[in-house]
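**Student:** According to UniProt numbering, the sequence shown is numbered sequentially starting from 1. Using N, Cα and C, we set each Cβ at its ideal position, and we do this for glycine too. Computed from a predicted model, the values in this text were never measured in an experiment. This is the structure, below, for whatever I ask next.
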Amino acid sequence: MENLPEFQPAAYIIAGLVVLIFPRILNYIVAGYLIFLGASELWPNLLS
1 MENLPEFQPA
11 AYIIAGLVVL
21 IFPRILNYIV
31 AGYLIFLGAS
41 ELWPNLLS
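Written out as structure tokens, the structure reads:
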């Protein structure tokens, strides 16, 4: 997957507007991100 640097600023603005309109969604996004990071860090250790 290639990185699209010209798309990133637009994605940041859209994400910022979504958080401003629906502030509670930020809690779910952060929680999901932390769960994903924790699971991705633990997964290789669980298999070995």
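Determine the direct distance from the alpha carbon of residue 42 to that of residue 22, and round the result to whole angstroms.
**Tutor:** The residue given as residue 22 occupies position 22 in the sequence shown. The residue given as residue 42 occupies position 42 in the sequence shown. Each residue's Cα considered, the two are about 31 Å apart.
**Student:** Measure the alpha-carbon distance for residue 28 versus residue 40 and round it to whole angstroms.
**Tutor:** What you label residue 28 is simply residue 28 of the sequence shown in a count that begins at 1. What you label residue 40 is simply residue 40 of the sequence shown in a count that begins at 1. Cα to Cα, the separation comes out at about 18 Å.
**Student:** Can you find the residues in the same chain that come closer than 8 Å, C-beta to C-beta, to residue 18, ignoring five residues on each side of it along the sequence?
**Tutor:** Reading the sequence shown from its first residue, position 18 is the one you call residue 18. If we look at residue 18 and ignore the five residues flanking it on each side, its Cβ neighbours are 25.
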